[in-house]
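Counting from 44, one number per residue, gives the positions in the sequence shown under our numbering.
One structure is given below, encoded as structure tokens.
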Amino acid sequence: MREIFIDVRDSDITLTEVLRKIEDIQSENPDLEIFLDGDLQAIRSRPRQSGGHRV
């Protein structure tokens, strides 16, 4: 399941705050990969893949 945590377009936060939010959300959800989706301009998540390394 992919979830949108913050829609950056609808928020007045700075890039530094976006990066901090990503770190905070990741620490609260270690089973998810948290990332900034440039197409949707949102902080999103997806299930973390176990095993191999992503390139």
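Just so it is clear, CB atoms sit at the ideal spot from N, CA and C, and this is done for glycine as well.
Quantities reported herein were computed from a predicted structural model and do not represent experimental measurements.
Cβ-based neighbour list, residue i, same chain, cut-off 8 angstroms, excluding 5 preceding and 5 following
i, result
"residue 49", "56, 61, 64, 85 and 86"
"residue 77", "48, 65, 68, 69, 86, 87 and 88"
"residue 90", "44, 74, 75 and 76"
Given residue i as reference, the closest of the options once Cα atoms are compared
i, options, result
"residue 93", "75, 58, 51 and 81", "75"
"residue 51", "91, 89, 81 and 90", "81"
Alpha-carbon spacing of residue i relative to residue j, whole angstroms
i, j, result
"residue 58", "residue 73", "22 angstroms"
"residue 71", "residue 79", "16 angstroms"
"residue 83", "residue 53", "11 angstroms"
Residue i classed as buried or exposed, judged by whether at least 16 other C-beta atoms fall within 10 angstroms
i, result
"residue 46", "exposed"
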